[in-house]
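Number of protein chains: 2
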Amino acid sequence: MRHTFAIFIGLIFFALLGSCEAPPATEAATEDTSEETVEQEAAEYAIVIHGGAGTITREDLTPAQDSAYRAALNAALDIGEKILQEGGSALDAVENTIHYLEESPLFNAGHGAVFTNEGRNELDASIMHGAERLAGAVGGVTNVKHPISAARSVMEDSPHVLLTGKGAEQFATEQGLEIVDPSYFYTERRWNALQAAIQREEEMGEAQVELDHDEKKGTVGCVALDKDGNIVAGTSTGGMTNKRWNRLGDSPIIGAGTFADNATCGVSCTGHGEFFIRWAVAYDVSALMAYKGISLEEAATEVVNNKLVEVGGSGGLVALDRYGNVSMPFNSEGMYRGYARPGERVVAIYKE
Amino acid sequence: MRHTFAIFIGLIFFALLGSCEAPPATEAATEDTSEETVEQEAAEYAIVIHGGAGTITREDLTPAQDSAYRAALNAALDIGEKILQEGGSALDAVENTIHYLEESPLFNAGHGAVFTNEGRNELDASIMHGAERLAGAVGGVTNVKHPISAARSVMEDSPHVLLTGKGAEQFATEQGLEIVDPSYFYTERRWNALQAAIQREEEMGEAQVELDHDEKKGTVGCVALDKDGNIVAGTSTGGMTNKRWNRLGDSPIIGAGTFADNATCGVSCTGHGEFFIRWAVAYDVSALMAYKGISLEEAATEVVNNKLVEVGGSGGLVALDRYGNVSMPFNSEGMYRGYARPGERVVAIYKE
Numbered sequence: 137m138r139h140t141f142a143i144f145i146g147l148i149f150f151a152l153l154g155s156c157e158a159p160p161a162t163e164a165a166t167e168d169t170s171e172e173t174v175e176q177e178a179a180e181y182a183i184v185i186h187g188g189a190g191t192i193t194r195e196d197l198t199p200a201q202d203s204a205y206r207a208a209l210n211a212a213l214d215i216g217e218k219i220l221q222e223g224g225s226a227l228d229a230v231e232n233t234i235h236y237l238e239e240s241p242l243f244n245a246g247h248g249a250v251f252t253n254e255g256r257n258e259l260d261a262s263i264m265h266g267a268e269r270l271a272g273a274v275g276g277v278t279n280v281k282h283p284i285s286a287a288r289s290v291m292e293d294s295p296h297v298l299l300t301g302k303g304a305e306q307f308a309t310e311q312g313l314e315i316v317d318p319s320y321f322y323t324e325r326r327w328n329a330l331q332a333a334i335q336r337e338e339e340m341g342e343a344q345v346e347l348d349h350d351e352k353k354g355t356v357g358c359v360a361l362d363k364d365g366n367i368v369a370g371t372s373t374g375g376m377t378n379k380r381w382n383r384l385g386d387s388p389i390i391g392a393g394t395f396a397d398n399a400t401c402g403v404s405c406t407g408h409g410e411f412f413i414r415w416a417v418a419y420d421v422s423a424l425m426a427y428k429g430i431s432l433e434e435a436a437t438e439v440v441n442n443k444l445v446e447v448g449g450s451g452g453l454v455a456l457d458r459y460g461n462v463s464m465p466f467n468s469e470g471m472y473r474g475y476a477r478p479g480e481r482v483v484a485i486y487k488e
Numbered sequence: 137m138r139h140t141f142a143i144f145i146g147l148i149f150f151a152l153l154g155s156c157e158a159p160p161a162t163e164a165a166t167e168d169t170s171e172e173t174v175e176q177e178a179a180e181y182a183i184v185i186h187g188g189a190g191t192i193t194r195e196d197l198t199p200a201q202d203s204a205y206r207a208a209l210n211a212a213l214d215i216g217e218k219i220l221q222e223g224g225s226a227l228d229a230v231e232n233t234i235h236y237l238e239e240s241p242l243f244n245a246g247h248g249a250v251f252t253n254e255g256r257n258e259l260d261a262s263i264m265h266g267a268e269r270l271a272g273a274v275g276g277v278t279n280v281k282h283p284i285s286a287a288r289s290v291m292e293d294s295p296h297v298l299l300t301g302k303g304a305e306q307f308a309t310e311q312g313l314e315i316v317d318p319s320y321f322y323t324e325r326r327w328n329a330l331q332a333a334i335q336r337e338e339e340m341g342e343a344q345v346e347l348d349h350d351e352k353k354g355t356v357g358c359v360a361l362d363k364d365g366n367i368v369a370g371t372s373t374g375g376m377t378n379k380r381w382n383r384l385g386d387s388p389i390i391g392a393g394t395f396a397d398n399a400t401c402g403v404s405c406t407g408h409g410e411f412f413i414r415w416a417v418a419y420d421v422s423a424l425m426a427y428k429g430i431s432l433e434e435a436a437t438e439v440v441n442n443k444l445v446e447v448g449g450s451g452g453l454v455a456l457d458r459y460g461n462v463s464m465p466f467n468s469e470g471m472y473r474g475y476a477r478p479g480e481r482v483v484a485i486y487k488e
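Sequences listed follow chains A and B, in order. Our numbering numbers the first residue of the first sequence as 137 and each following residue consecutively. Our numbering numbers the first residue of the second sequence as 137 and each following residue consecutively.
As structure tokens, this is what we get:
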């Protein structure tokens with residue numbers, strides 16, 4: 137009898153122990169991630185990038201195109217990794233890596249950006265520094281060669297976070313950033329995409345304002361962790377083909393397309409921007425980690441593969457935490473992506 | 137011995153039970169608030185408004201001004217409450233309540249908005265519906281009489297969330313919204329505030345771009361809960377006196393200045409917008425409730441009186457949850473605010 141009683145108490149004991157371990161969030165989780173990760177050693181540096189998510193399948197890309205995208209992703213990672221290896225800042229790594237992606241005609245950012253309904257290139261970018269949550273962004277600029285640098289300048293040289301349109305261009309000019317003729321952003325491929333979108337719209341009737349969502353793919357982003365433990369995230373885009381009315385998507389919106397906090401993670405998003413704004417996607421990954429004490433991978437997957445999928449918000453994100461753990465979830469067919477850590481390099485396009 | 141053993145086991149048992157209750161967040165909290173609040177009965181309706189937070193003390197306002205503000209807040213609440221009492225939607229209540237505040241010269245929204253450095257009125261507004269998290273916003277419009285209605289139209293009549301500048305004005309015109317001459321927004325008080333800000337700036341030297349933060353007070357916002365359980369939040373503002381470069385603050389940013397989700401709460405913010413963007417304030421209140429299972433009051437207080445205070449982000453917010461509980465925290469000297477529920481009416485200005 138006494139033996140049975142002890143076993144009974146023992147079972148309750150372990151059942152309770154088990155139930156105590158189940159809830160991942162504790163009060164302490166606001167300031168810290170779960171106990172498991174606390175003991176993790178931080179990577180010396182880490183960098184992760186994306187070049188947009190969308191309907192990207194093996195059948196869509198020729199072997200030459202496939203190679204060109206992988207080469208561009210590797211070249212971009214090379215730039216950021218070199219800066220981090222030499223002890224440079226995550227801020228410089230993110231800015232310079234995105235410069236390369238903005239200059240590449242392969243991606244929908246800078247040169248190679250998609251066209252608005254009016255046949256213009258309106259560019260958006262944002263950047264956030266995880267130490268003090270400083271942030272800067274520009275929306276709808278048409279003549280700034282590197283929108284990501286304009287975003288950095290807003291963060292560093294103005295009391296504001298988000299400048300738009302002509303005012304943002306004036307600010308960039310005053311700050312001595314490189315100004316180009318709007319024709320610099322032209323690529324035949326994106327011009328043809330606009331003509332095709334307009335034609336489809338005409339065939340579907342004037343009242344049809346549905347956009348060519350698929351042609352949004354190509355937004356670029358980068359998140360880096362440096363030796364000082366600073367996490368910086370940046371995003372740059374041309375938005376959606378055939379967009380109207382000076383529409384801004386999530387890329388210039390801190391908390392939606394870009395977020396960074398050294399205590400949790402850095403995030404850069406790509407996808408159907410309106411959903412990423414309404415679901416505060418970039419910040420939500422951080423909030424899940426902070427408030428529920430779950431890992432970066434669990435948080436990023438929850439947002440991209442559960443929450444966004446439930447409501448039809450297509451896209452993905454790249455993120456890293458303060459230990460250099462990387463997450464690159466997407467719910468579309470593919471996402472141009474890659475990351476580098478000491479002795480480690482991954483570049484990928486499809487679900488693989 | 138046997139007795140001692142049982143007591144020992146019993147102590148461990150209760151110690152474990154206690155430790156299990158301690159963490160407020162559980163997996164279920166993602167979908168639901170804490171068990172305590174589940175049993176609460178929802179108010180038939182509730183509406184809460186603000187007319188801006190800032191350096192507002194009893195000494196700042198004459199008795200006549202004090203009365204004028206209280207009368208305006210009551211009149212605004214009357215409009216929204218009547219709609220809700222008659223079974224109307226939270227969406228209509230929020231829009232029409234904000235119409236009144238936009239038309240009042242007392243507040244920094246619509247007629248009575250502050251001036252930019254260039255001597256213009258650039259208006260921002262956003263609205264969000266908690267049922268499906270639909271949202272709309274406009275930034276930097278100069279000729280739309282009711283920016284909150286333009287935001288609603290973006291939500292209902294476009295595939296986008298955020299339109300800006302000339303594009304947003306074109307959209308509002310196409311949708312048949314009331315367009316006014318920009319001089320409609322002029323008030324002598326705000327014009328004089330700009331002249332004073334420019335003069336202070338000149339005295340402090342050309343390089344000085346610090347803004348007159350105090351003159352930002354007056355942003356308006358409204359959150360309502362209707363009989364169908366829908367929560368809608370809206371915010372409208374003229375931004376900061378002497379702002380430059382088509383700066384956008386938090387008011388047109390979903391997740392920063394405005395957020396609504398029927399499962400958690402609706403929030404409208406007012407304050408130093410750059411901080412509210414970087415701290416994703418409106419969404420953060422919702423995230424704290426969802427992920428930590430804490431109450432609206434706890435979540436709103438945590439964000440406004442702890443997080444924002446730590447970093448020097450001045451301002452406040454009004455919010456309500458799905459039961460009609462209201463929270464109106466602010467960390468400045470005062471906030472024009474008020475709420476109404478069946479048989480209950482509160483209007484306040486100072487810390488009281």
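Even for Gly, the Cβ is constructed at its ideal location relative to N, Cα and C. Note that the structure is predicted; figures quoted are calculated from it, not measured.
Checklist entry - Does DSSP classify G375(B) as helix, strand or coil? => result In the second sequence, residue 375(B) corresponds to position 239, counting from 1. DSSP places G375(B) in coil when its eight states are reduced to three.
Checklist entry - In the DSSP assignment, what residue or residues form a beta bridge with H186(B)? => result As a first step, residue 186(B) is located in the second sequence; it is residue number 50 there, counting from the start. H186(B) is bridged to G357(B) and R473(B).
Checklist entry - By how many angstroms is the C-alpha of I389(B) removed from the C-alpha of N398(B)? => result The residue given as residue 398(B) occupies position 262 in the second sequence. The residue given as residue 389(B) occupies position 253 in the second sequence. Each residue's Cα considered, the two are about 19 Å apart.
Checklist entry - Excluding the five sequence neighbours on either side, which residues of its own chain have a C-beta within less than 8 Å of the C-beta of Y486(A), listed in chain order? => result Along the first sequence, one-based indexing puts residue 486(A) at 350. Excluding positions up to five away in sequence, the list reads I192, T193, R194, E469 and G470.
Next on the checklist: Just to check my reading of the structure: G449(B) and F411(B) have Cβ atoms closer than 8 Å, yes? What is that Cβ distance to the nearest angstrom?
Outcome noted: Stepping through the second sequence from its first residue, residue 449(B) is reached at position 313. Stepping through the second sequence from its first residue, residue 411(B) is reached at position 275. Contact holds; Cβ gap of about 3 Å.
Item to check | Same chain only: Cβ atoms within 8 Å of N210(B), ignoring 5 sequence neighbours per side | outcome: Within the second sequence, the letter at position 74 stands for residue 210(B). For N210(B), where only same-chain residues beyond five positions count, the Cβ hits under 8 Å are G474, R481 and V483.
Item to check | Through-space distance from T300(B) to A392(A), alpha-carbon basis | outcome: Counting from one through the first sequence, the residue named residue 392(A) turns up at place 256. Counting from one through the second sequence, the residue named residue 300(B) turns up at place 164. Roughly 17 Å between the two C-alpha positions.
Checklist entry - So what does DSSP say about L237(B), is it helix, strand or coil? => result Sequence index remark: in the second sequence, residue 237(B) carries index 101 (1-based). Three-state DSSP puts L237(B) in a helix.
Checklist entry - Which chain A residues sit within Cβ distance under 8 Å of G382(B)? => result The residue labelled residue 382(B) in the question sits at position 246 within the second sequence. This sequence places Asn at residue 382(B); Gly is not what is there. By Cβ distance, chain A contributes L299, T300, G301, K302, G303 and A304.
Checklist entry - With DSSP run on the structure shown, which of helix, strand or coil describes L330(A)? => result Translated into the one-based positions of the first sequence, residue 330(A) becomes position 194. In this structure, L330(A) counts as helix in the three-state DSSP scheme.
Next on the checklist: Could you compute how far the alpha carbon of A200(B) sits from the alpha carbon of Y472(B)?
Outcome noted: The count along the second sequence starts at 1 and reaches residue 200(B) at position 64. The count along the second sequence starts at 1 and reaches residue 472(B) at position 336. So the alpha carbons of these two residues sit roughly 15 Å apart.
Checklist entry - What residues of chain A sit near G477(B), judged by a beta carbon separation below 8 Å? => result In the second sequence, residue 477(B) corresponds to position 341, counting from 1. Correcting the residue identity first, residue 477(B) is Arg in this sequence and not Gly. Chain A residues near R477(B): none, gap ~28 Å exceeds 8 Å.
Item to check | Cross-chain neighbours of E410(B) in chain A, by beta carbon under 9 Å | outcome: Indexing the second sequence from 1 puts residue 410(B) at position 274. The answer, in chain order, is A271, P295, H296, V297 and L298.
Item to check | Closest by C-alpha distance to L259(A), when choosing among S225(A), E438(A) and G354(A) | outcome: One-based indexing of the first sequence puts residue 259(A) at position 123. When only C-alpha atoms are compared, the closest one is G354(A).
Checklist entry - With 8 Å set as the bound, which would you pick, yes or no: does the beta-carbon of Y427(B) sit closer than that to a beta-carbon of chain A? => result Numbered from 1 along the second sequence, position 291 holds the residue referred to as residue 427(B). So, interface residue.
Next on the checklist: Below 9 Å on C-beta distance, what does W327(B) contact in chain A?
Outcome noted: Counting from one through the second sequence, the residue named residue 327(B) turns up at place 191. In chain order: nothing, as chain A lies at least about 20 Å away.
Item to check | Assigned exposure category for I315(B) - 16 Cβ within 10 Å defines buried | outcome: Translated into positions along the second sequence, residue 315(B) becomes position 179. Exposed, since its Cβ has fewer than 16 Cβ neighbours within 10 Å.
Checklist entry - By Cβ distance below 7 Å, which residues in the same chain neighbour E239(B) in space, the five residues on each side in sequence not counted? => result Your numbering for residue 239(B) matches position 103 in the second sequence. Same-chain partners within the cutoff: G246 and H247.
Next on the checklist: To the nearest angstrom, how far is the alpha carbon of T377(A) from that of H296(A)?
Outcome noted: Translated into positions along the first sequence, residue 377(A) becomes position 241. Translated into positions along the first sequence, residue 296(A) becomes position 160. So the two alpha carbons sit approximately 28 Å from each other.
Item to check | Per DSSP, cross-strand counterpart(s) of E503(B) | outcome: Look at the range of chain B in this structure, 137 to 488, and you will see that residue 503(B) is not part of it.
Next on the checklist: Among G407(A), L361(A), L432(A) and T309(A), whose alpha-carbon lies nearest the alpha-carbon of T373(A)?
Outcome noted: On the first sequence, residue 373(A) is found 237 positions in, with the first residue counted as 1. The residue with the shortest Cα to Cα distance from T373(A) is G407(A).
Checklist entry - Would A392(B) count as contacting chain A if we go by Cβ distances under 8 Å? => result Taking the second sequence and counting its residues from 1, one reaches residue 392(B) at position 256. Closer than 8 Å to some Cβ of chain A, the Cβ of A392(B) qualifies, so yes.
Item to check | Residue environment, D317(A), which counts as buried when at least 16 other CB atoms sit within 10 Å | outcome: The count along the first sequence starts at 1 and reaches residue 317(A) at position 181. It is exposed - the Cβ of D317(A) has fewer than 16 other Cβ atoms within 10 Å.
Checklist entry - Looking only at its own chain, which residues have a Cβ that is under 7 Å from the Cβ of V440(A), when we skip the five neighbours before and after it? => result In the first sequence, the residue the question calls residue 440(A) occupies position 304. Closer than 7 Å at the Cβ level, and outside the excluded window around V440(A), lie G452, L453, P465, F466 and N467.
Item to check | Any C-beta of chain A under 8 Å from that of F466(B) | outcome: Taking the first residue of the second sequence as 1, we reach residue 466(B) at position 330. For F466(B), the answer is no, since every Cβ of chain A falls outside 8 Å of its Cβ.
Checklist entry - Going by alpha carbons, who is nearest to S289(B) out of S319(B), L227(B) and A267(B)? => result For this step, residue 289(B) is matched to residue 153 along the second sequence. Among S319(B), L227(B) and A267(B), the Cα nearest to that of S289(B) belongs to L227(B).
Next on the checklist: Based on DSSP bridge pairs, tell me the residues matched to T394(A).
Outcome noted: Position 258 of the first sequence holds residue 394(A). DSSP, once it has assigned bridges, lists I390(A) and S404(A) as partnering T394(A).
Item to check | Cutoff 8 Å: F307(A) Cβ touching any chain B Cβ | outcome: Within the first sequence, the letter at position 171 stands for residue 307(A). Yes, contact with chain B.
Checklist entry - The beta strand (DSSP E) spanning G276(B) covers which residue range? => result Within the second sequence, the letter at position 140 stands for residue 276(B). First-last of the beta strand (DSSP E) with G276(B): L270 to V277.
Checklist entry - So Y236(B) and I215(B) are in contact, right, with Cβ under 8 Å, and what is the actual spacing, rounded? => result Start at 1 with the first residue of the second sequence, and residue 236(B) comes out as number 100. Start at 1 with the first residue of the second sequence, and residue 215(B) comes out as number 79. Indeed they touch by this definition, with Cβ atoms about 5 Å apart.
Checklist entry - Between A333(A), T323(A), E222(A) and E231(A), which lies nearest to T371(A) when the distance is taken from Cα to Cα? => result Working through the first sequence from its first residue, we reach residue 371(A) at position 235. Nearest of A333(A), T323(A), E222(A) and E231(A) to T371(A), Cα basis: E231(A).
Next on the checklist: Any beta carbon of chain B sitting closer than 8 Å to that of L424(A)?
Outcome noted: Here residue 424(A) refers to the residue found at position 288 when the first sequence is read from its first residue. By this cut-off, L424(A) is an interface position.
Checklist entry - Listing by chain order, which chain A residues have their CB less than 7 Å from the CB of A120(B)? => result Beyond the ends of chain B as shown, which are 137 and 488, falls residue 120(B); an answer cannot be given.
Checklist entry - Taking just the CA atoms, how far does Y205(A) sit from L242(A)? => result Residue mapping note: residue 242(A) aligns to position 106 of the first sequence, counting from 1. Residue mapping note: residue 205(A) aligns to position 69 of the first sequence, counting from 1. Roughly 7 Å between the two C-alpha positions.
Next on the checklist: To the nearest angstrom, how far is the alpha carbon of K363(B) from that of G266(B)?
Outcome noted: Along the second sequence, one-based indexing puts residue 363(B) at 227. Along the second sequence, one-based indexing puts residue 266(B) at 130. When rounded, the distance between both Cα atoms is 13 Å.
Item to check | G479(A), buried or exposed, once every other Cβ within 10 Å from all chains shown has been counted against 16 | outcome: Numbered from its first residue, the first sequence carries residue 479(A) at position 343. Its Cβ having fewer than 16 others within 10 Å, G479(A) is exposed.
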